[in-house]
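Below: the structure, in structure tokens.
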Amino acid sequence: MPCFGGTRRNQQQLETNQQGRVTIDNNRVKLILSTAALCTCSLIHAFVLISVYPYAALMVVDLLPHLTPETAGPYSGLLASSFMIGRTLSSYPWGRIADLYGRKFVLLSSLSLSALFSFLFGLSQSFGMAMVYRFMLGLTNGLVGTVKTVVTELAPSEEIETQMMGLVVGMRAWGFLISPAIGGWLADPIRQYPSLFFDAEDGDNWFFNFLSKYPFVLPNLAGVTLCVGTILVVWWCIPETLPELQTSGASLSASPFSIRGIKFSKRQPRDNGAKSLDKATEESPLALQHGAGRSTYCSVVGPGPPGDKTSTTSSTSMLAIWQKHSARNHLIPYWIFSLAVSALDEALPLFCIASVGVGLGVSENSIGQILSVAGLAF
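For reference, each letter of the sequence shown is one residue, going 1 to 378 in the numbering used here.
Written as structure tokens, this is what we have:
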């Protein structure tokens with residue numbers, strides 16, 4: 001007599017294995033899309049930071065007519081650095097907001113506010129307005145720390161986390177590469193490309209009049225476009241990784257590309273023998289769904305969310321971090337490197353726009369190309 005029971009069990013096992021493979025493939029695609037969205041966030045941050053450098057000094061000269069390219073240095077430095085002043089003041093509060101209201105909320109809020117203040121910065125009619133909007137652009141930007149936290153919480157293994165983090169951080173270098181070129185190419189188009197507007201000088205062309213009044217709006221409109229596009233990508237591709245919002249079913253945690261079954265709890269020590277994505281998923285159909293055996297909740301700023309009894313992360317003060325010898329050894333060289341890079345990025349355009357004999361006397365477009373080549377080396 002045929003053994004129908006054994007056949008039925010084999011068929012069920014085959015169906016289960018097929019479903020497991022489909023789930024693994026789907027989650028791998030979702031992880032790739034989430035990584036791409038996070039890379040785009042990193043690119044946006046680099047764009048809003050760097051794209052102003054090729055034309056900052058000329059914008060200052062336009063807003064303060066008594067200045068010349070040779071005397072615009074201090075004001076250009078204030079304008080460019082106001083972004084990082086805002087970033088410095090808001091980095092910790094944005095981390096707390098991410099722990100309270102979710103990573104996705106911070107990403108979407110930062111992108112929306114970056115779009116708003118980028119547009120307002122391009123419409124600035126006074127140096128004071130430009131300073132305020134540039135400062136607010138930095139103050140409302142909480143992308144960097146949040147993006148890195150999401151990478152850590154989404155990665156199913158240490159090896160995959162390293163790969164994802166490399167892609168996300170490396171995207172900043174691409175931002176250094178393309179942002180100056182775009183900013184310099186689009187800045188003050190009427191002065192840079194007079195032949196394009198030769199027939200529009202009769203005063204009836206609204207676009208010519210608009211660019212005459214706001215000569216530096218186009219680079220910022222490019223930033224707005226990138227921010228809006230990234231908002232849609234983040235909304236669609238990145239799941240919420242904050243545990244409390246996952247369990248409460250908050251609106252922002254819902255995503256068509258949410259990776260099913262991920263549970264985030266306290267961060268556990270990871271096995272030194274980290275598995276690759278393929279090996280992790282071969283062992284169990286649920287490997288990707290449950291983080292390949294590693295639970296990945298971590299606070300952006302230190303302690304876990306209020307009421308989170310599973311988190312074992314202790315509250316760490318800035319002073320406690322600074323007292324660690326290894327932390328100082330990493331932070332001090334990083335600060336010195338950041339200072340040197342920022343100084344060069346700011347000083348080079350000033351030298352480039354200065355008149356021949358003092359500087360190079362080149363246009364914003366040429367400055368952007370020079371900075372982009374430097375970004376390629378970087």
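We put the CB at the ideal spot given by N, CA and C, even for glycine. Values in this document were obtained by computation on a predicted structure and should not be read as measured data.
Three-state secondary structure assigned by DSSP to S372:
Along the sequence shown, read from residue 1 onward, the residue named residue 372 stands at position 372. Helix.
Distance cut-off 8 Å: A354 Cβ against heavy atoms of the ligand NAP
By its list of ligands, the structure shown contains no ligand whatsoever, and the ligand NAP lies outside what it can speak to.
Might you give, ordered along the chain, the residues of its own chain that have their beta carbon closer than 8 Å to the beta carbon of S251, omitting 5 neighbours on each side?
Here residue 251 corresponds to residue number 251 of the sequence shown, with the count starting at 1. Here S251 scores only 45 on pLDDT, less than 50, and its place in the model should not be relied on; the value that follows carries that caveat. Taken in chain order, the list of residues that qualify is empty.
Inter-residue spacing [alpha-carbon to alpha-carbon] between F197 and W322:
Position 197 of the sequence shown, counting from 1, holds the residue named residue 197. Position 322 of the sequence shown, counting from 1, holds the residue named residue 322. Spanning the two alpha carbons is a distance of roughly 56 Å.
What is the C-beta distance between A56 and P349, in whole angstroms, given that I count them as a contact (C-beta under 8 Å)?
Here residue 56 is taken as the residue at index 56 of the sequence shown, counted from 1. Here residue 349 is taken as the residue at index 349 of the sequence shown, counted from 1. Contact flag correct, Cβ pair sits at about 7 Å.
According to DSSP, is K324 helix, strand or coil?
Counting from one through the sequence shown, the residue named residue 324 turns up at place 324. K324 falls in the coil class under three-state DSSP.
Could you check whether M131 and H120 sit closer than 9 Å to each other, using their CB atoms as the reference points?
Working through the sequence shown from its first residue, we reach residue 120 at position 120. Working through the sequence shown from its first residue, we reach residue 131 at position 131. Residue identity check: residue 120 is Leu in the sequence provided, not His. No, Cβ-Cβ distance for L120 and M131 is not below 9 Å.
Rounded straight-line distance, which links the Cα of I32 to that of D345
As a position in the sequence shown, residue 345 is number 345, starting the count at 1. As a position in the sequence shown, residue 32 is number 32, starting the count at 1. Looking at the two C-alpha atoms, the distance is approximately 33 Å.
According to DSSP, simplified to helix, strand and coil, what is E161?
Your numbering for residue 161 matches position 161 in the sequence shown. Helix.
Would you kindly report the start and end of the unbroken alpha helix (DSSP H) that includes Y75?
The sequence position of residue 75 within the sequence shown is 75, counting from 1. That run of the alpha helix (DSSP H) goes 73 to 101.
If you draw a straight line from the C-alpha of R191 to the C-alpha of L211, how long is it?
The residue you call residue 191 lines up with position 191 of the sequence shown. The residue you call residue 211 lines up with position 211 of the sequence shown. Computed Cα separation, rounded: 10 Å.
Enumerate in chain order the residues of its own chain whose CB-to-CB distance from G382 is below 8 Å, with the five nearest sequence positions on each side excluded.
The structure shown has nothing for residue 382, since the chain only spans 1 to 378.
Rounded to whole angstroms, what's the CA-CA distance from G95 to T146? Just pull it up for me.
Within the sequence shown, numbered from 1, the residue matching residue 95 stands at position 95. Within the sequence shown, numbered from 1, the residue matching residue 146 stands at position 146. Roughly 7 Å separates the two Cα atoms.
Which whole-angstrom value describes the C-beta separation of M171 and S34, a residue pair presumed to lie in contact below a C-beta threshold of 8 Å?
Locating residue 171 in the sequence shown gives position 171, where the first residue counts as 1. Locating residue 34 in the sequence shown gives position 34, where the first residue counts as 1. No, M171 and S34 are not in contact; Cβ-Cβ is about 14 Å, not under 8 Å.
I need the boundaries of the alpha helix (DSSP H) containing I231, first residue and last residue.
The residue given as residue 231 occupies position 231 in the sequence shown. Looking at the DSSP string, the run of the alpha helix (DSSP H) that includes I231 is 217 to 237.
By the 10 Å Cβ neighbour count, where 16 or more other Cβ atoms means buried, how is P156 classified, buried or exposed?
As a first step, residue 156 is located in the sequence shown; it is residue number 156 there, counting from the start. P156 is buried by the Cβ-count criterion.
Nearest-angstrom Cα distance between S372 and F83?
Reading the sequence shown from its first residue, position 372 is the one you call residue 372. Reading the sequence shown from its first residue, position 83 is the one you call residue 83. Their backbone Cα atoms lie some 20 Å apart in a straight line.
For a quick check, are the C-beta atoms of F135 and L64 less than 9 Å apart?
Here residue 135 refers to the residue found at position 135 of the sequence shown. Here residue 64 refers to the residue found at position 64 of the sequence shown. Result no, Cβ atoms of F135 and L64 do not sit closer than 9 Å.
Separation of G166 from N329, as counted between CA atoms:
Looking up residue 329 in the sequence shown gives position 329. Looking up residue 166 in the sequence shown gives position 166. Going from the Cα of N329 to the Cα of G166 covers about 22 Å.
Specify whether the stretch 73 to 80 and the stretch 230 to 245 touch according to this definition: at least 3 beta carbon pairs, one from each stretch, less than 8 Å apart.
no
What first and last residue would you give for the alpha helix (DSSP H) that runs through D62?
For the purposes of this step, residue 62 is taken as the residue at position 62 of the sequence shown. That run of the alpha helix (DSSP H) goes 56 to 63.
Other residues of its chain near F117: CB distance less than 7 Å, five sequence neighbours each side excluded
Taking the sequence shown and counting its residues from 1, one reaches residue 117 at position 117. For F117, where only same-chain residues beyond five positions count, the Cβ hits under 7 Å are Y133, M136, L137, T140.
Look up H66 in the DSSP assignment and say whether it is helix, strand or coil.
Position 66 of the sequence shown, counted from the start, is the residue given in the question as residue 66. Reduced to three states, the DSSP call for H66 is coil.
Range covered by the alpha helix (DSSP H) that runs through V362:
Working through the sequence shown from its first residue, we reach residue 362 at position 362. First-last for V362: undefined, no H or E at that position.
Along the chain, where does the alpha helix (DSSP H) that runs through Y133 open and close?
Position 133 of the sequence shown, counted from the start, is the residue given in the question as residue 133. Segment 127 to 139, the alpha helix (DSSP H) holding Y133.
Are A181 and G368 close, meaning C-beta to C-beta below 9 Å?
Within the sequence shown, the letter at position 181 stands for residue 181. Within the sequence shown, the letter at position 368 stands for residue 368. Cβ distance < 9 Å, so A181 and G368 count as in contact.
In the DSSP assignment, find the unbroken alpha helix (DSSP H) run with P189 in it and report its ends.
As a position in the sequence shown, residue 189 is number 189, starting the count at 1. From DSSP, the alpha helix (DSSP H) with P189 extends over 189 to 192.
In or out: V341 buried (at least 16 other Cβ within 10 Å) or exposed?
Counting from 1 along the sequence shown, the entry for residue 341 is found at position 341. V341 comes out exposed.
Return yes when the Cβ of L111 is within less than 9 Å of the Cβ of I50, no when it is not.
Taking the sequence shown and counting its residues from 1, the one referred to as residue 50 is at position 50. Taking the sequence shown and counting its residues from 1, the one referred to as residue 111 is at position 111. Not a contact, by the Cβ cut-off of 9 Å.
Please classify L242 as buried or exposed, where buried requires at least 16 neighbouring CB atoms within 10 angstroms.
Locating residue 242 in the sequence shown gives position 242, counting from the first residue. Result: buried.
Mind checking Q125: buried by the 16 CB within 10 Å criterion, or exposed?
Within the sequence shown, numbered from 1, the residue matching residue 125 stands at position 125. Exposed, by the Cβ-count rule.
Cutoff 8 Å; reference L108; Cβ partners in own chain excluding five residues on either side:
Here residue 108 is taken as the residue at index 108 of the sequence shown, counted from 1. Closer than 8 Å at Cβ, skipping near neighbours: I231, V234, W235, L252.
Distance, S355 Cα to S363 Cα
Within the sequence shown, numbered from 1, the residue matching residue 363 stands at position 363. Within the sequence shown, numbered from 1, the residue matching residue 355 stands at position 355. So the two alpha carbons sit approximately 11 Å from each other.
When G184, L79, S81 are compared against I370, the one with the closest alpha-carbon
As a position in the sequence shown, residue 370 is number 370, starting the count at 1. The shortest C-alpha separation from I370 is found at G184.
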